Amino acid sequence: MPNNSPEKILILNGSPKCKSSLTLKVTGAFIKGMQSERNCTAEYIHVSEKNIRPCTGCLSCWGRTEGECVIKDDDMPFIRDSILSSDYIIESFPIYFFGMPGTLKVMTDRLLGIMCTFSGEEIDPIKTERHALRSPKEGQRLALITSCGFSESADVFEPIKKQYDLVFGADRYSHFCVPQLKALAQAGSGQRFSKMLALAEQAGAEFITTGKIDPALTAELSSPILSQKTYRVLMEKFWRDEKDEVKE
Ligand SMILES: Cc1cc2nc3c(=O)[nH]c(=O)nc-3n(C[C@H](O)[C@H](O)[C@H](O)COP(=O)(O)O)c2cc1C
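Printed below as a string of structure tokens:
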């Protein structure tokens, strides 16, 4: 009997701005694209709203137990179950200091128990085995949707890309990083922002049907839409207006 139950998309929103995250707006368009192609449920977890204690580094999940964490009185057991049971995991977060926001990093560290000690395949370039997932869900796919303030998103995203390449393997996840997002979304570039959301929707449709995002589309989503001059003018006006609002 074919299984007709809808597939599950899990959105892990790592922006401390929770529902007002601009990255999440882009992710919303991506999810719309996914759902236009397939019957999927979407569950949102706003990581900053959750009670997540930091990993203590005891390594019990790799030694004394088979993946079990010693911390049991916070929201991680629920988050971990959601991750393990999802068909698609979408991590949505802004770049902070060329990395991920602290709350998301705290959550990520607590996922050590879902990885094996040493039983994955070799990763280039460090020639050691990857910590593969203990019980991978067949066909599960991961996408990272990130955003940054600067125009040069490839450079800004590079440290995160390196980190995920080492953790998961370079071809095992899809990603794009939208540059200039605040300027696009909040500083008077409505039409250009709408165009970018339409591209994100297209990327979502592609991701769910082919399992990846076409490199040309990834490049388009990751390219600055505004010239450096327009970007500066818009942002300077934005910050001036903010200051004026405080004075009034
Ligand atoms: C603490 C902090 C650190 C940031 N660091 C960077 C950075 O290293 N590079 C960058 O381009 N933008 C940086 N930004 C800008 C955010 O990435 C950008 O505004 C993002 O689009 C906000 O997305 P959000 O609305 O989803 O939170 C930083 C913002 C904050 C608040």
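Number 527 marks the last residue of the sequence shown (my numbering); no jumps. Beta carbons are placed, not taken as given, at the ideal position from N, Cα and C, and that holds for glycine. Just so we're clear, the structure is a prediction, and the values are computed from it rather than from any experiment.
Between T302 and L460 the beta-carbon gap is near 7 Å, inside 8 Å, which marks them as a contact. Assigned with DSSP and collapsed to three states, C340 falls in coil, not helix or strand. Of the candidates V326, T497 and A308, the residue whose Cα lies closest to the Cα of T382 is V326. Inter-residue distance for P503 and V457 is about 8 Å (C-alpha atoms, whole angstroms). For F377, the shortest C-beta to heavy atom distance toward ligand 1 is below 8 Å. Going by C-alpha positions, A411 is about 32 Å away from E431.
The count of Cβ pairs closer than 8 Å, one atom from the segment 377-394 and one from the segment 306-315, stays below three, leaving the stretches out of contact.
Inclusion of I424 and F376 in the CB contact set at 9 Å is not warranted, their separation being larger than that value. A direct Cα-to-Cα measurement between V305 and K526 gives close to 32 Å. The count of Cβ pairs closer than 8 Å, one atom from the segment 341-358 and one from the segment 501-521, stays below three, leaving the stretches out of contact.
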